[in-house]
Amino acid sequence: MSKPDELLVDIAAKVESGQSNQMSLTVVTGGAVITGRLAPEAVWLQRVSEVLTDSARLGEFAGVFGTSAPKDGPPTHLHFHVARILQGTVGIPETGGMYRVSIADVSAWTVGDFSYTDH
0 MSKPDELLVD IAAKVESGQS NQMSLTVVTG GAVITGRLAP EAVWLQRVSE VLTDSARLGE
60 FAGVFGTSAP KDGPPTHLHF HVARILQGTV GIPETGGMYR VSIADVSAWT VGDFSYTDH
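Using numbering that gives the first Met the number 0, read the sequence shown as starting at 0 and increasing by one per residue.
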C-alpha cells in the first residue's frame with residue numbers, strides 16, 4: 000500500500016495500547032498469506048529474545064530484540080505470534096511462528112485467522 004490503511008493502523012494501535020494478544024488477523028503481503036494473532040511489539044520482542052537466548056547457535060542475537068522504548072506516532076508494523084504462512088492447504092510452521100510485517104506492505108487483510116487442513 001502506498002499509504003497504510005488507517006483502519007489497520009488503528010487495529011495495531013489498539014493491540015499496542017491494550018497489551019492484548021488475542022486479536023486474530025490474516026494479511027496478504029508480498030504474495031504471502033500470514034494468519035495468526037497480533038501481539039504488542041514489546042511482548043513480541045521479549046518472546047523472540049527468549050527463544051534466541053535458549054538457542055545454542057543464536058543466543059548472541061537475543062540482545063538485538065531487547066525491549067525498546069515506546070515510539071511516538073502510530074504503529075508501523077504488525078507483530079504476529081502463533082502465526083502461520085499459508086501455502087495451499089498447509090500452515091508453515093505447524094506450531095506457529097513469529098512474524099513482523101510492515102503495515103505499508105499489506106495489500107489485503109481480514110479480521111480472523113484462516114484455518115487450513117492437511118487432507
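Glycine residues also receive a C-beta, built at the ideal position from the N, C-alpha and C atoms. Bear in mind the structure is a predicted one, so any value in this text is a computation, not a measurement.
Element boundaries [beta strand (DSSP E), containing Gln-86]: By 1-based counting over the sequence shown, the position of residue 86 is 87. Per DSSP, Gln-86 belongs to the beta strand (DSSP E) from 76-86.
Nearest-angstrom beta carbon gap, His-78 and Leu-37 [assumed within contact, 8 Å]: One-based indexing of the sequence shown puts residue 37 at position 38. One-based indexing of the sequence shown puts residue 78 at position 79. Contact holds; Cβ gap of about 6 Å.
Under the three-state DSSP convention, the category Ser-101 falls into: Residue numbering aside, residue 101 sits at position 102 when the sequence shown is read from its first letter. In the structure shown, Ser-101 sits in a strand (DSSP, three-state: E or B).
Continuous beta strand (DSSP E) stretch holding Ala-11: start and end: As a position in the sequence shown, residue 11 is number 12, starting the count at 1. It is not in any beta strand (DSSP E) - Ala-11 instead sits in the alpha helix (DSSP H) that spans 5-17.
Proximity of Val-14 and Pro-39 at Cβ, strictly below 9 Å: Sequence index remark: in the sequence shown, residue 14 carries index 15 (1-based). Sequence index remark: in the sequence shown, residue 39 carries index 40 (1-based). A Cβ-Cβ contact shorter than 9 Å links Val-14 with Pro-39.
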